[in-house]
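Residue numbers (my numbering): 17 to 171. One structure is given below, encoded as structure tokens.
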DNA sequence: GCCAACGTTGGC
DNA sequence: GCCAACGTTGGC
């Protein structure tokens with residue numbers, strides 16, 4: 017499954033933040049859902065494509081293209097007792113949550129969620145299903161190619 | 001801020 | 001193992 021959509025709240029980590037980071041790479045921290053964690057742990061491969069999605073903001077949508085830049089490793093925030101992602105049941109010997117590194121690749125035209133809903137080729141996207149809240153979801157190659165074409169469209 | 005939908009927890 | 005209650009997500 018080589019393509020993924022990953023949600024980030026831009027107030028926390030925006031696509032521009034990733035572009036501005038060293039090596040245009042950040043750790044994807046804070047996933048606290050087992051299904052999303054399992055995608056990172058069991059299925060992601062270095063080099064997989066990522067649609068970097070902005071959620072919980074004025075205009076949610078795909079903000080850019082990124083790629084998986086590392087294998088899975090323990091999410092450091094689960095051990096930080098002062099942080100909001102602290103998990104008292106996680107220990108370094110038995111971590112519960114994991115991160116992968118994500119590298120920004122390409123920023124094109126912003127593709128709002130409302131536009132995505134109007135594109136027939138995207139109607140089966142996990143993101144667009146009623147009640148879907150998964151922060152990491154698989155994307156088919158057809159969906160990926162459709163979205164890439166929109167992102168690269170000239171205004 | 002509202003609220004629908006979903007995931008998790010915990011009593012039984 | 002069931003399921004009600006609660007907490008969270010996330011668009012609007």
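Backbone N, C-alpha and C define an ideal beta-carbon position, used for all residues, glycine too.
- Query: Shortest alpha-carbon distance to residue 72 belongs to which of 121, 27 and 142?
  - Reply: As a first step, residue 72 must be located in the first chain, where it is residue number 56. Residue 27 is the option with its Cα nearest to residue 72.
- Message: Measuring CB atoms only, is the stretch 112-127 touching the stretch 58-75, in the sense that at least three cross pairs come out at less than 8 angstroms?
- Response: yes
- Query: Taking DSSP as the reference, what is the three-state secondary structure of residue 20?
  - Reply: The residue given as residue 20 occupies position 4 in the first chain. Strand, per DSSP.
- Item | Cβ-Cβ separation, residue 35 to residue 155 (assumed contact under 8 angstroms), whole Å | Mapped onto the first chain, residue 155 falls at position 139. Mapped onto the first chain, residue 35 falls at position 19. The Cβ separation is near 21 angstroms, so there is no contact.
- Message: According to DSSP, simplified to helix, strand and coil, what is residue 140?
- Response: If you number the first chain from 1, residue 140 lands on position 124. Three-state result, residue 140: coil.
- Item | Reduced DSSP secondary structure (H/G/I, E/B, other) of residue 114 | By 1-based counting over the first chain, the position of residue 114 is 98. Three-state result, residue 114: strand.
- Note down, in chain order, each residue of its chain lying with its Cβ closer than 6 angstroms to the Cβ of residue 122, except the 5 sequence neighbours on either side. Within the first chain, residue 122 is the residue found at index 106, counting from 1. 81, listed in sequence order.
- Item | For residue 42, three-class secondary structure by DSSP | Taking the first residue of the first chain as position 1, residue 42 is located at position 26. Looking at residue 42 - three-state DSSP - the assignment turns out to be strand.
- Message: Given this structure, state the Cα-to-Cα distance separating residue 98 from residue 78, to the nearest angstrom.
- Response: Residue numbering aside, residue 98 sits at position 82 when the first chain is read from its first letter. Residue numbering aside, residue 78 sits at position 62 when the first chain is read from its first letter. Approximately 31 angstroms, taken between the alpha carbons.
- Message: Looking at residue 152: is its Cβ nearer than 8 angstroms to the Cβ of residue 55?
- Response: For the purposes of this step, residue 152 is taken as the residue at position 136 of the first chain. For the purposes of this step, residue 55 is taken as the residue at position 39 of the first chain. Yes, the pair counts as a contact, with Cβ atoms nearer than the cut-off.
- Item | CB of residue 57 within 8 angstroms of CB of residue 114, strictly | Taking the first residue of the first chain as position 1, residue 57 is located at position 41. Taking the first residue of the first chain as position 1, residue 114 is located at position 98. Closer than 8 angstroms, so yes.
- Tell me which same chain residues have a C-beta within less than 8 angstroms of the C-beta of residue 158, skipping the five on either side of it? Position 142 of the first chain, counted from the first residue, corresponds to residue 158. Cβ within range, chain order: 137.
- Message: Suppose you measure from the CA of residue 166 to the CA of residue 40; what does that come to, to the nearest Å?
- Response: As a first step, residue 166 must be located in the first chain, where it is residue number 150. As a first step, residue 40 must be located in the first chain, where it is residue number 24. When rounded, the distance between both Cα atoms is 23 angstroms.
- Message: For the alpha helix (DSSP H) containing residue 158, name the first residue and the last one.
- Response: Within the first chain, residue 158 is the residue found at index 142, counting from 1. Residue 158 -> alpha helix (DSSP H) spans 157-167.
- Message: Helix, strand or coil, according to DSSP, for residue 176 in the structure here?
- Response: Since the first residue of the chain shown is 17 and the last is 171, residue 176 is not available in this structure.
- Query: Can residue 128 and residue 75 be called in contact, C-beta distance under 8 angstroms?
  - Reply: Working through the first chain from its first residue, we reach residue 128 at position 112. Working through the first chain from its first residue, we reach residue 75 at position 59. Going by C-beta atoms, residue 128 is nearer than 8 angstroms to residue 75.
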